[in-house]
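So the sequence lines, in the order shown, correspond to chains A and B.
All letters in the first sequence, in the order written, are residues 62 to 207 by the numbering used here.
All letters in the second sequence, in the order written, are residues 4 to 122 by the numbering used here.
A virtual CB, placed ideally from N, CA and C, is assigned to each residue, including glycine.
Values in this document were obtained by computation on a predicted structure and should not be read as measured data.
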Amino acid sequence: MASLKFMGLDEYISKLEKLTSRTTGVCKMAVWEGGKVVGDAIKSSLNDIPIQDEYVRKGEKRTGIRSEEKEEIIAAFGMSKMRTDGSVSTKAGFKAGTKIRAVESGTSYMQKHPVVRKAVNGSKTRAENAMKAKFDEETMKTMMGV
Amino acid sequence: MLSSLETVMNALLTVTENVGHYTAWDDSDKYIVWAEDNESAELLADNCKPGNTIEGTIDYYTKSEDDENVMRIPQALNNAGVWWRLNSVQYEDETRFIHHEWIFRVRQSYGESEVYGSG
């Protein structure tokens with residue numbers, strides 16, 4: 062009578078169990094990598110906000126913001142701490158009190174410059190790839206017993 | 004103008020004639036300014052790019068708190084099959100404008116392609 066034997070199944074199951082126990086940690090690492098990509102893209106895009114320090118006459122539309130307002134926006138940008146309430150996430154944002162909303166959305170007297178939205182769109186694919194690469198790397202480490 | 008953007012423009016014109024592309028037409032009150040500003044997604048196939056999703060914004064400025072155009076604009080986009088999201092609502096102290104901003108996205112194809120069709 063023929064018989065089949067699967068060798069090493071216990072070891073395989075053990076590695077899968079180890080991978081399961083590391084899931085949250087691996088997700089955090091992956092989200093961190095993705096967040097870094099998007100955060101860096103946003104930080105870089107803030108430098109593109111145009112400056113207009115000169116006085117603008119009533120009725121004319123501003124094309125930029127003052128130098129000190131731009132410095133405030135750049136200083137106010139940051140990433141939140143990682144959250145793990147059911148899912149793993151982080152956020153990019155600005156402290157209150159800056160003109161970033163007026164810059165992004167524009168006003169009736171100031172041209173809009175959606176630098177943050179464009180940076181997020183432009184970095185989405187790279188962020189996804191960075192997260193996937195980290196997942197694959199950590200999964201491989203676990204399965205190889207590292 | 005990209006063909007997909009004509010859909011957006013024609014939808015907005017069903018709400019009001021005061022529609023400006025890139026700049027305001029008549030910025031005294033109840034006016035729409037809209038513009039595309041980036042690509043939000045791309046379609047890649049067979050080593051070429053037969054299409055993408057164009058993203059932009061639609062801004063409506065009104066001094067009336069109960070302005071019905073605030074509802075008519077998203078309804079017009081729905082009727083035209085244009086994806087939208089309300090991005091912000093701001094009140095300007097200096098001008099007393101209530102400023103609604105919607106983000107829109109439309110699919111655009113380039114040339115003929117078996118994957119994406121034509122137009």
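- Here DSSP, grouped into helix, strand and coil, assigns Gly23 (chain B) to strand.
- Straight-line measurement puts the Cα of Val87 (chain A) at about 53 Å from the Cα of Asn21 (chain B).
- Distance between Trp93 (chain A) and Asp197 (chain A), taken at the CA atoms: about 15 Å.
- In the displayed model, Met205 (chain A) falls within coil according to three-state DSSP, outside both helix and strand.
- Counted as a single uninterrupted DSSP element, the beta strand (DSSP E) harbouring Asp40 (chain B) occupies residues 34-48.
- In the DSSP assignment, Met62 (chain A) forms no beta bridge with any residue.
- Per DSSP, the unbroken beta strand (DSSP E) holding Val109 (chain B) starts and ends at 101-112.
- For Trp28 (chain B), DSSP records no beta bridge to any residue.
- By the criterion of a C-beta distance shorter than 7 Å, Ala27 (chain B) is surrounded in its chain by Tyr34, Val36, once the five residues flanking it on both sides are discounted.
- C-alpha of Leu5 (chain B) to C-alpha of Arg108 (chain B): approximately 13 Å in a straight line.
- For Lys152 (chain A), the nearest beta carbon of chain B is not closer than 7 Å to its own beta carbon.
- Listed in chain order, the positions of the stretch 89-122 of chain A with a beta carbon within less than 8 Å of a beta carbon of chain B would be empty, since no residue qualifies.
- Look at Met192 (chain A) here: in three-state DSSP terms it is helix.
- For chain A, the residues of the stretch 80-112 of chain B that bring a beta carbon within less than 9 Å of one of its beta carbons are Asn90, Ser91, Gln93, Glu95, Glu97, Thr98, Phe100, His102, Glu104, Ile106, in chain order.
- Separation of the CB atoms of Gly100 (chain A) and Ala153 (chain A) is rounded to 5 Å, and the pair is thereby assigned contact status at 8 Å.
- Across the structure, Ala194 (chain A) and Met74 (chain B) are spaced so that their CA atoms are roughly 44 Å apart.
- Rounded to the nearest angstrom, the gap between the Cα atoms of Ala91 (chain A) and Arg83 (chain A) is 12 Å.
- A contact between stretches requires three or more CB pairs, one per stretch, nearer than 8 Å, and the stretch 118-126 of chain A meets this requirement with the stretch 165-172 of chain A.
- Taking Thr203 (chain A) as the centre and dropping the five residues before and after it, the same chain places the C-beta of Lys76, Lys79, Leu80, Arg83 closer than 7 Å to its C-beta, in chain order.
- Comparing C-alpha distances from Trp105 (chain B) to each of B:Glu95, B:Gln93, B:Arg88, B:Glu97 shows the shortest one belongs to B:Arg88.
- As summarised for the stretch 46-92 of chain B, the continuous beta strand (DSSP E) elements at least 3 residues long and confined to that stretch are 51-65, given in chain order.
- Closer than 7 Å to the CB of Asp40 (chain B) there is at least one CB belonging to chain A.
- Think of a sphere of 7 Å around the beta carbon of Ser7 (chain B): no beta carbon from chain A falls inside it, the nearest being about 17 Å out.
- For the beta strand (DSSP E) assignment, the uninterrupted runs of no fewer than 3 residues enclosed by the stretch 68-156 of chain A are, from N- to C-terminal side, 138-140, 153-155.
- Taking C-beta atoms as the reference points, Ala38 (chain B) and Gly59 (chain B) count as a pair closer than 7 Å.
- In chain B, no part has a C-beta under 9 Å from the C-beta of Thr159 (chain A); the shortest such distance is about 14 Å.
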